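Heads up: the sequence shown begins at 0 in numbering that gives the first Met the number 0, then just goes up one per residue. Idealized CB from N, CA, C, for every residue including glycine. Treat the numbers as computed from the prediction; the structure is a model and nothing was measured.
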Amino acid sequence: MPEIGEQIAALPLRWVDDGRVRVLMVTSRDTGRWVMPKGWEMDGKKPWRAAEIEALEEAGAVGYIASETLGTYRYPKIMKDGRIVPCTVRVYPMIVQKLKPDWKERKQRDRRWFTPKAAAKRVAEDELAEILMSLHRDPMQAGMRDLMKKAP
Numbered sequence: 000m001p002e003i004g005e006q007i008a009a010l011p012l013r014w015v016d017d018g019r020v021r022v023l024m025v026t027s028r029d030t031g032r033w034v035m036p037k038g039w040e041m042d043g044k045k046p047w048r049a050a051e052i053e054a055l056e057e058a059g060a061v062g063y064i065a066s067e068t069l070g071t072y073r074y075p076k077i078m079k080d081g082r083i084v085p086c087t088v089r090v091y092p093m094i095v096q097k098l099k100p101d102w103k104e105r106k107q108r109d110r111r112w113f114t115p116k117a118a119a120k121r122v123a124e125d126e127l128a129e130i131l132m133s134l135h136r137d138p139m140q141a142g143m144r145d146l147m148k149k150a151p
């Protein structure tokens, strides 16, 4: 395992009738705190495709994912053997087309839609909270405009 881990995350999003954005968060399997679907990069997969797979497995989310990040954040990953590995996580926005009622980790996690501001209050990582607050302040920032062009 490298001294610094590199992970990817999907930030599943949708727009509601009032034109505001919502983010889909899931609970972590170990602590039950609210997180984004994330994991390690996958051999043979582009990082954003790996993030898309994590969104499907952890949240049952299907949609359109950007190839550009909204940002990065750091956190201490606690490994199964108790070691702590500092990780950097690249966050890829994803427009959710549908939520599957039956998904791989449905018995291990809860999922819920939040406003970006409410999601920011629930995460433990300050840098992730800032990414979420940037969506609260400007939902159509540059990375989102590119993604919206691709999504129907």
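- Bridge partners of W112 according to DSSP: L23.
- Going by beta carbons, L131 and K116 fall inside the 9 Å limit.
- Proximity to K44 across K79, S66 and V34 peaks at S66, based on C-alpha coordinates.
- Taken atom to atom, the span from the alpha-carbon of I7 to that of D16 is near 30 Å.
- Under the DSSP assignment, R73 falls in the beta strand (DSSP E) whose first and last residues are G70 to I77.
- A direct Cα-Cα distance of roughly 11 Å separates W112 from V95.
- Using a 10 angstroms sphere on the CB of I64, the tally of other CB atoms reaches 16 or more, which defines it as buried.
- DSSP places P11 in the strand class (E or B) of the three-state scheme.
- If the five residues before and after K120 are omitted, its C-beta is found closer than 8 Å to the C-beta atoms of A128, all from its own chain and listed in chain order.
- Residue range I83 to L98 is occupied by the beta strand (DSSP E) that includes I94, with no alpha helix (DSSP H) assigned at that position.
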